[in-house]
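First up is the structure itself, then whatever we jot down about it.
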Amino acid sequence: MDGLIQFMPFIIIFLIMYFLMIRPQQKKQKELEKLRSELKSGDPVITSGGIHGKVSAIDDATKTVKIKIDGNTTMVVERSSIVTVNKN
28 MDGLIQFMPF IIIFLIMYFL MIRPQQKKQK ELEKLRSELK SGDPVITSGG IHGKVSAIDD
88 ATKTVKIKID GNTTMVVERS SIVTVNKN
């Protein structure tokens, strides 16, 4: 019984850390995955590198997205690099 009481502060600290740090990060990650899976052509996006553009094509096989930057300028980025979809 003494052993359990000695570990109780560590257990409480772990639970506090889980609910204050780990759980919110998991929730944010799920929302980001949902956002990326719902991408469609024409969506204005921002990449992790700060590049703004509109989705022009999505390749599910390679998990890449073709983004139109300006005029005829396009680039292919990993779907995982999309961090924001502007729904304005």
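So the number in my numbering is just where the residue sits in the sequence shown, counting from 1, plus 27.
Glycine is no exception: its CB is placed at the ideal position from the N, C-alpha and C atoms.
> When the Cα of R106 is compared with those of P36, K61, I39 and G98, which residue comes out closest?
Replying inline: K61
> How would you label I49, buried or exposed, when you count the other beta carbons within 10 angstroms and need 16 or more for buried?
Replying inline: exposed
>> Can you look up D29 in the DSSP assignment and give me helix, strand or coil?
In response: helix
> For K90, which three-state DSSP category applies?
Replying inline: coil
> First and last residue of the beta strand (DSSP E) that includes E105?
Replying inline: T100 to E105
> Can you pull the DSSP bridge partners for V20?
Replying inline: Given a span of 28 to 115 for the chain in the structure shown, any question on residue 20 remains unanswerable.
>> Could you tell me the alpha carbon to alpha carbon distance between G69 and I38, rounded to whole angstroms?
In response: 48 Å
>> Taking the alpha-carbon of V82 as reference, which of I96, G76 and V110 has the nearest alpha-carbon?
In response: I96
> Under the rule that 16 or more other beta-carbon atoms within 10 Å means buried, what is V103, buried or exposed?
Replying inline: exposed
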